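*Asks:* Residues 1 to 180 (UniProt numbering) are what the sequence shown spells out, left to right.
Where is the CB? At the ideal position from N, CA and C, for every residue including glycine.
Quick caveat: nothing in here was measured; it's all calculated off a predicted structure.
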Amino acid sequence: MSIPDFVLKLREHVGTAPLWLAGATAVIRHPDRERILLVRRSDNGWWTPVTGIIDPGEHPAHTAVREAREEAAVDIRVDRLASLGVSRMVTYANGDRAQYIDHTFACTYLGGEPHPADGENTDARWFAIDDLPDMSPHMLARIEAGLADEERTRLATTTEGTRAEGAPVEDTTAEGAATG
1 MSIPDFVLKL REHVGTAPLW LAGATAVIRH PDRERILLVR RSDNGWWTPV
51 TGIIDPGEHP AHTAVREARE EAAVDIRVDR LASLGVSRMV TYANGDRAQY
101 IDHTFACTYL GGEPHPADGE NTDARWFAID DLPDMSPHML ARIEAGLADE
151 ERTRLATTTE GTRAEGAPVE DTTAEGAATG
């Protein structure tokens, strides 16, 4: 998982203290409307939609387009903001901690042959919507929001990975990295 330069500079000042970062998730639907594009992360092997950290000054929708090109070598159109949510606190192997506000976008594939283009992923491929690989519940929720035929944005009012009573569950894996 490539760490953006601005995060590395922040880490020089705050060490492993928690960072609040903005991220984008692109739920990329094939024009046949039967498949979505997923990538297999190189850091943990999980299948996820394309995700990434928003650069300073960058619009979240532009992040989705950039990450689709960088991670999977595809061009997309962002159709709508599907959901806005907050990840649980993630603790990485090096002790760094971060929590993400995630902007999930419903996107349409425009072109390009999907493949892992930047080393952050080991595979990129289309999956039938009704036959997705094992994924974390919060990634499935993002996909569901991205596929929903809704005009309104879903606002997740609970933090991903919280217990029913509202106490946070701290993630000690990088499974939710990039945008939780």
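1) Between which two residues does the beta strand (DSSP E) containing I143 stretch?
2) Cα-Cα, which of P4, A73, K9, G15 is closest to T91?
3) Judging by CA-CA distance, which residue of L38, A22, L21, G23 is the nearest neighbour of R29?
4) Would A24 pass as a contact of H103 if the rule is Cβ separation under 7 Å?
5) Rounded to whole angstroms, what is the Cα-Cα separation between A68 and V50?
6) List the endpoints of the continuous beta strand (DSSP E) containing A128.
7) Entirely within the UniProt domain "Nudix hydrolase" (19 to 153) and at least 4 residues each: give me those alpha helix (DSSP H) ranges in chain order.
8) Rank A145, L81, G85, G119 by C-alpha distance to the C-alpha of Q99 and give the top, closest one.
9) Do you know whose CA, among T108, P116, S136, F127, lies nearest A61's CA?
10) Looking at the secondary structure, which residues open and close the alpha helix (DSSP H) in which E160 lies?
11) Quick check on the burial criterion: 16 or more other C-beta atoms within 10 angstroms. Buried or exposed for T172?
12) Taking the alpha carbon of G45 as the reference point, which residue from A17, G111, S136 has its own alpha carbon closest?
*Replies:* By the coordinates alone:
1) Looking at the DSSP string, I143 is not in any beta strand (DSSP E); the run it does join, the alpha helix (DSSP H), is 137 to 147.
2) The residue with the shortest Cα to Cα distance from T91 is G15.
3) Of the listed residues, the one whose Cα sits closest to R29 is L38.
4) Yes, these two residues count as a Cβ contact at 7 Å.
5) Cα to Cα, the separation comes out at about 6 Å.
6) Start and end: 121 to 128.
7) Taking only runs of at least 4 residues, the alpha helix (DSSP H) segments lying wholly in the UniProt domain "Nudix hydrolase" (19 to 153) are 60 to 72, 137 to 147.
8) Answer by Cα proximity: G85.
9) If we check each option's Cα against that of A61, T108 comes out closest.
10) Segment: none, E160 is in no alpha helix (DSSP H) and carries neither H nor E.
11) In this prediction, T172 scores a pLDDT of 43, lower than 50, which makes its location untrustworthy; no coordinate-derived value is stated.
12) Of the listed residues, the one whose Cα sits closest to G45 is S136.
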